[in-house]
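Q: One structure is given below, represented as structure tokens, and several questions about it will come after.
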Amino acid sequence: LISDIHKVLGPDQGLDSKNIDAGEIIRLMEQYSSNSKDWAKYAMFDHSRAYTRNLIDDGNGKFNLMILAWSKNQQSPIHNHSGSHCIMKILDGELQETLYDWPNRPSIDGGVPLNVSRDTMYHANQVTYVHDSIGLHRIKNPSQQQGAVSLHLYTPPYQLCKTFEEKTGKARSSGVCTFYSVKGTPV
511 LISDIHKVLG
521 PDQGLDSKNI
531 DAGEIIRLME
541 QYSSNSKDWA
551 KYAMFDHSRA
561 YTRNLIDDGN
571 GKFNLMILAW
581 SKNQQSPIHN
591 HSGSHCIMKI
601 LDGELQETLY
611 DWPNRPSIDG
621 GVPLNVSRDT
631 MYHANQVTYV
641 HDSIGLHRIK
651 NPSQQQGAVS
661 LHLYTPPYQL
671 CKTFEEKTGK
681 ARSSGVCTFY
691 SVKGTPV
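511 is the number of the first residue of the sequence shown in my numbering; add one for each residue after it.
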């Protein structure tokens, strides 16, 4: 899968390049059948955190391919992707994606809750795509019994995003997004 992604994106391109089709990367992710032998060494859990971000490949600075290891019954904040394309494949367990409409200024000023546009449960080997043009999202591992593992491709890579308060739509900077491990080695 990693070599196929490199073939499609080339040595110096990401999905922000005009001649690259997000659908092609989505199809590659869909064609890959999850096998824990391929990814177990990257799926590093830390149950004191909601999830860990484990970098597999930095795509020569044009994309980040990473595994997120989700603790039981934990979720991300509602967030954007700073203009990055995000393709997510469930490798193990299940994850719930809640998609939200972007808040508008009158809604924020009035303290109006974010509007949920879609709520979807994804299972092993399913793929989803999100971009800021689609909306904001939150990912949750609803299981009380097991962690979950997902593969994410972000292109272009990003270091900062915004998180949003569900009840008011107010945004704040997330701070620098860091990696728990790089290429299988904790940092």
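Built from N, CA and C at the ideal position, the CB exists for glycine as well. All figures in this text were calculated on a predicted structure; none of them were measured in a lab.
Which class does Glu676 belong to by DSSP, given the choice of helix, strand or coil?
A: It is coil, neither helix nor strand.
Q: Is Ile515 closer than 7 Å to Tyr639 when the C-beta atoms are compared?
A: Contact: no.
Q: Work out the CA separation of Tyr552 and Ser546 for me, nearest whole Å.
A: For Ser546 and Tyr552, the distance between alpha carbons rounds to 10 Å.
Q: Distance check for Gly694 and Thr688, CA to CA, integer angstroms please.
A: Spanning the two alpha carbons is a distance of roughly 15 Å.
Q: Assign His591 to one of three DSSP states: helix, strand, or coil.
A: Three-state result, His591: coil.
Q: Using the Cα positions of Met539 and Gly620, report the straight-line distance between them to the nearest angstrom.
A: Taking the straight line from one Cα to the other gives about 41 Å.
Q: Considering only residues of the same chain and omitting the five flanking positions on each side of Ser498, which have a CB-CB separation below 7 Å?
A: As displayed, the chain neither begins before 511 nor continues past 697, which places residue 498 out of reach and without an answer.
Q: Terminal residues of the continuous beta strand (DSSP E) containing Leu565?
A: Counting along the chain, the beta strand (DSSP E) containing Leu565 begins and ends at 561 to 567.
Q: Should Lys599 go down as buried or exposed, given a rule of 16 or more other Cβ atoms within 10 Å for buried?
A: Under this definition Lys599 is a buried residue.
Q: If you reduce the DSSP assignment to three classes, tell me which class Asp642 lands in.
A: Reduced to three states, the DSSP call for Asp642 is coil.
Q: Would Ser691 and Met554 qualify as a contact pair, given that the criterion is a beta-carbon distance under 7 Å?
A: Against a cut-off of 7 Å, the Cβ pair of Met554 and Ser691 comes out as a contact.
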